[in-house]
Structure formats: C-alpha cells, structure tokens
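What follows is a single structure, written as structure tokens, with notes after it.
Numbering (UniProt numbering), first residue to last: 1 to 270.
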C-alpha cells in the first residue's frame with residue numbers, strides 16, 4: 001500500500017525536521033479519524049483529537065468539527081445558518097491499534113455556528129494530551145495534523161495569514177494557507193494546540209475561541225451568541241494605503257467596517 005509523503009520533506013523544514021518529527025509523532029497518538037452514517041450510508045468523515053481522558057472510566061473527550069454530523073452544506077449557507085445537521089447520526093471512531101478497531105462515538109455537544117463538536121469515546125490511552133495555547137501571531141509557522149480515510153497521518157505546513165474571512169466565512173476563523181484537514185489539530189513547532197482545522201479551505205478555529213466555547217458549555221450548557229445581522233471586517237486587514245486614507249478622512253485607525261447587512265434580520269427589530 002502506497003503512502004503519500006508529507007511536507008516534512010520540504011527543504012525549508014530541514015533545520016527543524018528532527019525536533020518537529022518528534023512533536024508530530026507525540027501529537028499523533030491522540031488524533032483519530034471519525035465516520036458518520038445515516039441509515040447505514042456514509043455521511044461524513046472528519047479528524048478529531050483528544051482534549052481530556054478519564055483514567056477511571058476510560059472515557060475520552062474528543063474535539064472535532066460539527067461537519068461530522070452535517071448532511072447538507074454549501075459555502076453560501078455559512079452566514080444564513082441553513083446548513084442541515086443530523087445529531088442522531090451513528091458516529092464511529094477509528095482507533096489506532098494494530099487491528100484498527102472501530103468503536104461507537106457519542107455526540108456530547110455541538111454548535112452549528114462555531115462549527116465544533118465534542119464526542120465521547122471509550123478507549124485506552126498511553127499518551128500525553130497536548131496543551132492549548134492562545135498565543136498566536138500573524139505570520140507564525142504552524143502545522144495542521146489529521147488523518148485520512150486509511151488512518152494515515154496528514155501533515156501540512158503553513159503560517160497564520162494576515163487576513164479576515166470572505167463574505168461567506170465566519171468571523172471567528174483564522175487562516176493557514178495550507179491544505180485543510182477537517183477537525184484536525186493545528187499546532188506550533190513545540191506541540192502546543194493553536195486551534196482546530198475547519199472547513200472550508202484553509203480556515204481554522206483558534207484556541208481562544210475553542211476554550212471559550214468549552215467553558216460556556218461547562219457553565220451554561222450552551223453557547224450564547226448575539227446575532228446583529230451584519231457582516232463585519234477589521235480595518236487592520238485593509239491595505240495600509242486604505243487604512244491611512246480612513247485615518248485622514250475619519251480620524252479612525254482601528255475598528256470594524258460593516259460590509260454587509262442582513263436586511264431580513266434587521267427588519268425584525270425596526
């Protein structure tokens with residue numbers, strides 16, 4: 001069976017290949033592949049990674065993308081919220097033992113807007129769960145780790161792009177510029193988890209958002225979100241020429257620009 005190579009063979013990574021390979025292999029022990037089924041038919045696949053494990057009950061808590069239970073999706077529906085989800089879908093976890101055992105995964109929580117899901121899986125563990133880090137800088141080099149349908153690792157190298165979301169993407173996304181691995185782990189070269197890879201394209205959810213969501217679920221069993229019916233874009237992502245002109249004309253050099261207004265939503269409050 002042929003196995004595709006990874007970005008670690010790239011010449012620009014040779015100086016850190018040995019240390020980074022150790023980091024990747026350590027993280028790989030807690031990265032799994034998941035499949036979802038409806039009426040026995042495959043609906044979706046996603047990577048996911050352990051964020052907690054109870055030694056007594058052998059129950060692991062896995063972070064993944066809500067795409068694992070999404071039955072209908074298009075890029076144009078991200079803002080409108082018309083994606084369709086099947087929370088009672090059968091979810092299977094593909095373990096990493098020699099026999100590639102499969103076990104049921106239970107959907108514990110999910111949020112359609114943030115596009116994250118938490119699963120519960122019973123498994124044995126002999127690996128260290130990596131730590132989250134919210135210390136992210138634009139231009140910082142990162143790795144995106146996941147698993148393909150044959151359970152082989154996928155490894156992509158990129159950097160945190162200095163850009164905001166497009167019209168059809170969500171406000172909380174950051175971007176890496178490298179191949180996506182839905183539900184995969186975004187890490188720095190020291191193995192700290194910087195976020196979770198998501199769909200579409202090269203988007204990922206930063207750790208700061210993930211941790212806030214997990215905390216709100218723990219405290220309130222939900223993730224409250226104010227919907228103001230506007231699509232916003234930070235001034236900082238504009239070309240410096242545009243930023244300087246806005247400052248000259250308006251005496252403003254930071255803040256948000258309203259790019260689009262949801263007329264239907266706003267009319268409800270008029």
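Built from N, CA and C at the ideal position, the CB exists for glycine as well.
Here the structure is a predicted model, which means the values were calculated and not measured.
From what residue to what residue does the beta strand (DSSP E) around residue 348 run? As shown, the chain starts at 1 and ends at 270. That puts residue 348 outside it, with no answer to give.
How far does the beta strand (DSSP E) with residue 219 in it reach, from first residue to last? In the DSSP assignment, residue 219 falls outside any beta strand (DSSP E) and within the unbroken alpha helix (DSSP H) covering 207-220.
Residue 309, enclosing alpha helix (DSSP H) - first and last residue: Outside the modelled stretch of the chain, which goes from 1 to 270, sits residue 309, for which no answer is possible.
Residue of 135, 182, 138 and 30 minimising C-alpha distance to residue 44: The shortest C-alpha separation from residue 44 is found at 182.
Nearest candidate by alpha-carbon position, reference residue 130, set 110, 85, 250 and 28: The shortest Cα separation from residue 130 among 110, 85, 250 and 28 belongs to 28.
Given residue 38, which residues of its chain have a CB within under 6 Å of its CB, disregarding the five upstream and five downstream residues? Close CB contacts of residue 38 within its chain, under the 6 Å cut and outside five residues either way in sequence, are with 86 and 89 (chain order).
Distance between residue 253 and residue 243 (C-alpha atoms, nearest Å): Roughly 6 Å separates the two Cα atoms.
Given 8 Å as the limit, is there contact between the region 104-120 and the region 200-211, that is, 3 or more CB pairs closer than that? A contact between stretches requires three or more CB pairs, one per stretch, nearer than 8 Å, and the region 104-120 meets this requirement with the region 200-211.
Using a 10 Å radius around the Cβ and a threshold of 16 neighbouring Cβ atoms, would you call residue 20 buried or exposed? Looking at its Cβ environment, which holds 16 or more other Cβ atoms inside 10 Å, residue 20 is buried.
With a CB to CB cut of under 7 Å and the five nearest residues on each side skipped, what residues in its chain are close to residue 258? Closer than 7 Å at the Cβ level, and outside the excluded window around residue 258, lie 230 and 232.
With a 10 Å radius around its C-beta and 16 neighbouring C-beta atoms as the bar for buried, classify residue 12 as buried or exposed. Flag for residue 12 reads exposed.
Just mark residue 57 as buried or exposed, buried being the case when its beta carbon has 16 or more other beta carbons within 10 Å. Taking every protein chain shown into account, the CB of residue 57 has fewer than 16 other CB atoms within 10 angstroms, so this residue is exposed.
Of all the beta strand (DSSP E) runs that stay within the bounds of the region 72-117, which reach a length of 3 or more residues? Within the region 72-117, the complete beta strand (DSSP E) runs of at least 3 residues are 90-94 and 102-111.
What does residue 146 pair with, by DSSP beta-bridge criteria? As DSSP reads the structure, residue 146 sits in a beta bridge with 154.
Just how far apart, CA to CA, sit residue 168 and residue 207? Only weak support is given to the placement of residue 168: the predicted model assigns it a pLDDT of 47, under 50, and the value that follows is read from those uncertain coordinates. One Cα belongs to residue 168, the other to residue 207, and the distance between them is close to 22 Å.
Measure from the alpha carbon of residue 137 to the alpha carbon of each residue in 127, 120 and 159, then state which is nearest. Looking at the Cα atoms, 159 is the closest of the given residues.
Please report the straight-line C-alpha distance between residue 297 and residue 95, rounded to a whole angstrom. Outside the shown range of the chain, which is 1 to 270, sits residue 297, and nothing can be said about it.
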